[in-house]
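**Student:** Pasting a structure here, questions to come.
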């Protein structure tokens, strides 16, 4: 669900999704620009840097009238959005809110990745707007910093800049998020940065009764862009397919771990490849 300009560049963007079998029929057309960003990829002790060029993009100038929610949600099971979208403008935040309300009325599961980006909005504004949106969310996804940046909920005994992530401290973060917003599930990715090139990667899932921690992977990074989105996609897939808690979080983390080995935004692995890694085959040996 988005909006793209009705010209060749907009169509090229849509085609890039269609070639992977994504239904693009609900993408509104209009406006003049495709929002873009530039990535200076980091390595070793040099961090990656992102520069946004999104002002005046089609989605940032969209209106609620661009979307027919009754038609969009017909037969739908799940709505997912991230904190990046409402950060693009007050009008886009209103579109997100309307979508969440429609989905809730139709008893469609709503998930949200908090995805705070300080180059797009302030923590105060993010907390206010995301707090309103989260009233309609069933499944909350966050990384090790998001809950602190957006809602001021921080894990104890954790120093993210030093690469020290205390897994136990995130139990309290998940409990506080659930208490505050009545989420059915909270998933938090746990990244320990050794350098820009090598990270430890794991996640936790809380269903209101139990905590499930995935195995931890030591990853050499090819491209980390899309790592969080691939985790969210893996969690949605495992939830729709009714995986139990431990299996669900292992699948989501494995999907994201594999994405870190792939250049570009898209996670181009199969379900079978994810299952193999989730089941413990992490050797990376050649398959002949």
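Residue numbers (the UniProt record's numbering): 1 to 288. Each residue gets a CB set at the ideal place from its N, CA and C atoms; glycine is no exception.
Applying the 10 Å Cβ sphere with the 16-neighbour rule, what's the burial state of residue 244?
**Tutor:** Along the chain shown, read from residue 1 onward, the residue named residue 244 stands at position 244. By the 10 Å Cβ count, residue 244 comes out exposed.
**Student:** How close, in whole Å, do the beta carbons of residue 248 and residue 239 come, if the pair is a contact with beta carbons under 8 Å?
**Tutor:** Looking up residue 248 in the chain shown gives position 248. Looking up residue 239 in the chain shown gives position 239. Right, their Cβ atoms sit about 6 Å apart.
**Student:** Can you give me the C-alpha to C-alpha distance between residue 226 and residue 264, rounded to a whole angstrom?
**Tutor:** Along the chain shown, one-based indexing puts residue 226 at 226. Along the chain shown, one-based indexing puts residue 264 at 264. Each residue's Cα considered, the two are about 8 Å apart.
**Student:** Measure how close the beta-carbons of residue 173 and residue 147 come, nearest whole angstrom, since I'm counting them as under 8 Å.
**Tutor:** The count along the chain shown starts at 1 and reaches residue 173 at position 173. The count along the chain shown starts at 1 and reaches residue 147 at position 147. Confirmed, Cβ separation roughly 5 Å.
**Student:** Less than 8 Å between C-beta atoms, sequence neighbours within five positions excluded: which residues of the same chain meet that for residue 269?
**Tutor:** The residue given as residue 269 occupies position 269 in the chain shown. The answer, listed in chain order, is 255, 258, 259 and 262.
**Student:** Taking contact to mean at least 3 C-beta pairs separated by less than 8 Å, is the region 178-195 in contact with the region 204-215?
**Tutor:** Flag = yes, the region 178-195 and the region 204-215 touch.
**Student:** Spatial neighbours of residue 235 within its chain, please: CB distance less than 6 Å, with the 5 preceding and 5 following residues excluded, ordered by chain position.
**Tutor:** By one-based count along the chain shown, residue 235 stands at place 235. Contacts found: 187 and 252.
**Student:** If you measure between the beta carbons of residue 100 and residue 92, is that distance less than 7 Å?
**Tutor:** Your numbering for residue 100 matches position 100 in the chain shown. Your numbering for residue 92 matches position 92 in the chain shown. Their beta carbons are not under 7 Å apart, which means residue 100 does not touch residue 92 by this criterion.
**Student:** Over the uninterrupted alpha helix (DSSP H) stretch that includes residue 153, give me the two end residues.
**Tutor:** Position 153 of the chain shown, counted from the first residue, corresponds to residue 153. Looking at the DSSP string, residue 153 is not in any alpha helix (DSSP H), and its letter there is neither H nor E.
**Student:** In whole angstroms, what separates the C-alpha of residue 64 from that of residue 73?
**Tutor:** The residue you call residue 64 lines up with position 64 of the chain shown. The residue you call residue 73 lines up with position 73 of the chain shown. Their Cα atoms are separated by approximately 15 Å.
**Student:** Pop quiz: residue 126 and residue 116 are said to be a contact at Cβ under 8 Å. What is the actual Cβ separation, rounded to whole angstroms?
**Tutor:** The residue labelled residue 126 in the question sits at position 126 within the chain shown. The residue labelled residue 116 in the question sits at position 116 within the chain shown. Contact holds; Cβ gap of about 6 Å.
**Student:** If the criterion is Cβ atoms closer than 7 Å, does the pair residue 61 and residue 13 meet it?
**Tutor:** The sequence position of residue 61 within the chain shown is 61, counting from 1. The sequence position of residue 13 within the chain shown is 13, counting from 1. No, the pair does not count as a contact, with Cβ atoms beyond the cut-off.
**Student:** Taking all protein chains shown into account, do 16 or more other C-beta atoms lie within 10 angstroms of the C-beta of residue 105, making it buried, or fewer, making it exposed?
**Tutor:** Here residue 105 corresponds to residue number 105 of the chain shown, with the count starting at 1. Residue 105 comes out exposed.
**Student:** Note down, in chain order, each residue of its chain lying with its Cβ closer than 8 Å to the Cβ of residue 10, except the 5 sequence neighbours on either side.
**Tutor:** Translated into positions along the chain shown, residue 10 becomes position 10. Excluding sequence neighbours, residue 10 sits near 4, 29, 34 and 58.
**Student:** Per DSSP, what kind of secondary structure is residue 23 in: helix, strand or coil?
**Tutor:** Locating residue 23 in the chain shown gives position 23, where the first residue counts as 1. Coil at residue 23, not helix or strand.
**Student:** Check whether the Cβ atoms of residue 81 and residue 140 lie closer than 7 Å to each other.
**Tutor:** In the chain shown, residue 81 corresponds to position 81, counting from 1. In the chain shown, residue 140 corresponds to position 140, counting from 1. No, Cβ-Cβ distance for residue 81 and residue 140 is not below 7 Å.
**Student:** Relative to the alpha-carbon of residue 153, which residue among 219, 136 and 171 has its alpha-carbon at the smallest distance?
**Tutor:** Residue mapping note: residue 153 aligns to position 153 of the chain shown, counting from 1. Considering only alpha carbons, the answer is 171.
**Student:** Let me confirm a value: residue 194 is counted as buried when at least 16 other C-beta atoms fall within 10 Å, else exposed. Which label applies?
**Tutor:** Residue mapping note: residue 194 aligns to position 194 of the chain shown, counting from 1. So residue 194 counts as exposed.
**Student:** Span of the alpha helix (DSSP H) holding residue 100?
**Tutor:** Walking along the chain shown from the start, residue 100 turns up at place 100. Here the alpha helix (DSSP H) through residue 100 covers 90-105.
**Student:** Buried or exposed, going by whether 16 or more other CB atoms sit within 10 Å of the CB of residue 167?
**Tutor:** Translated into positions along the chain shown, residue 167 becomes position 167. With 16 or more other Cβ atoms within 10 Å, it is buried.
**Student:** So, at 8 Å on beta carbons, what are the nonlocal neighbours of residue 177 in its own chain, with the 5 sequence-adjacent residues on each side left out?
**Tutor:** In the chain shown, residue 177 corresponds to position 177, counting from 1. So the list reads 140, 142, 147, 151, 153, 183 and 186, once near-sequence residues are dropped.
**Student:** According to DSSP, is residue 274 part of a helix, a strand, or is it coil?
**Tutor:** The residue you call residue 274 lines up with position 274 of the chain shown. Helix, per DSSP.
**Student:** So, helix, strand or coil for residue 189, using DSSP?
**Tutor:** The residue you call residue 189 lines up with position 189 of the chain shown. The answer is strand: DSSP assigns residue 189 an E or B state.
**Student:** Using 7 Å as the threshold, is the C-beta distance between residue 200 and residue 192 below it?
**Tutor:** Along the chain shown, one-based indexing puts residue 200 at 200. Along the chain shown, one-based indexing puts residue 192 at 192. Yes; because the gap between Cβ atoms is below 7 Å, this pair is in contact.
**Student:** Rounded to the nearest angstrom, what separates residue 275 and residue 26 at their Cα positions?
**Tutor:** Residue 275 sits at position 275 when you count from the first residue of the chain shown. Residue 26 sits at position 26 when you count from the first residue of the chain shown. Their Cα atoms are separated by approximately 31 Å.
**Student:** Considering just the uninterrupted stretch of the beta strand (DSSP E) at residue 111, what are its terminal residues?
**Tutor:** On the chain shown, residue 111 is found 111 positions in, with the first residue counted as 1. Start and end: 109-113.
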